[in-house]
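These protein sequence lines map, in sequence, to chains A and B.
Throughout the first sequence, residue numbering follows this note's numbering, covering 27 to 137 in sequence.
Throughout the second sequence, residue numbering follows this note's numbering, covering 118 to 232 in sequence.
The beta carbon of each residue, even a glycine, is placed where N, CA and C say it ideally should be.
Keep in mind the model is a prediction, meaning the values are calculated, not measured.
Below is one structure, written out as structure tokens, with a few remarks after it.
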Amino acid sequence: SQQGEEDPQALSIQEGENATMNCSYKTSINNLQWYRQNSGRGLVHLILIRSNEREKHSGRLRVTLDTSKKSSSLLITASRAADTASYFCATDAGNTGKLIFGQGTTLQVKP
Amino acid sequence: DGGITQSPKYLFRKEGQNVTLSCEQNLNHDAMYWYRQDPGQGLRLIYYSQIVNDFQKGDIAEGYSVSREKKESFPLTVTSAQKNPTAFYLCASKKTGGGSGQPQHFGDGTRLSIL
């Protein structure tokens, strides 16, 4: 079952601009994770935010979590052409380590 | 370097044929997962294993089988009962314990197509 819904499905911006992606989910979670996927490759973990955290930073990435609205956002600042990829949110809700992924946002950064 | 290796990168299946996708990890992770990804879609869980000699069905297990005889290996067999096997298959592993929340580490996938 797909828990995460991501918005927008596709995003095209110029290099140097900021990119914001949103994720909504349906049930209570332990943590929410963001992953990146380059075309034809596996997923790479970007950042994990726990249910008791509201904001987290890692380099040019900023993630927020609002558990009352069951939503999260990923902000990439000062985007680069190399940031072109698909970005997925995934929720961890149980004790099995299973993740439920959203459909992803495809980001294109034009040089 | 530690990581997850999936092979082959591309695989073709004939009608009525079973095929096996390999997944090996040297990260010493207890948990391993198989996902299916269709074009433009997110990942859907096929099977997962939290410990050697034990595995559980995910959301779309029909037509697939797995084994976990060794910690390092979690092969996935796509059987002839899976009528629409064309997809990108991703294997992942995860460290268990160590507090709340560990990320999953992914291989580079196997693309399976029907001949």
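Excluding sequence positions up to five before and after Leu207(B), its CB lies within less than 7 Å of the CB of Tyr152, Gln154, Leu160, Phe223, Gly224 and Gly226, all in the same chain and listed in chain order. Taking the Cα positions, Leu74(A) is about 11 Å away from Leu87(A). Within 10 angstroms of the beta-carbon of Phe129(B) lie fewer than 16 other beta-carbons, which makes it exposed.
For the pair Tyr165(B) and Met149(B), the CB atoms are nearer than the 8 Å cut-off.
With respect to the C-alpha of Glu31(A), the residue from Asp109(A), Ser84(A), Trp60(A) and Asn56(A) having the closest C-alpha is Trp60(A). Judged by beta-carbon spacing, Asn48(A) lies beyond the 8 Å limit of Ser112(A), meaning their Cβ atoms are not closer than that value. Judged by DSSP in its simplified three-state form, Asp109(A) adopts helix.
Contact with chain B is found for Lys124(A), since one of that chain's Cβ atoms lies less than 8 Å from the residue's Cβ.
The residues Asn44 and Arg86, in chain order, have a CB closer than 6 Å to that of Thr103(A) in the same chain once the five nearest residues on each side in sequence are set aside. Per DSSP, the unbroken beta strand (DSSP E) holding Phe127(A) starts and ends at Leu125 to Phe127.
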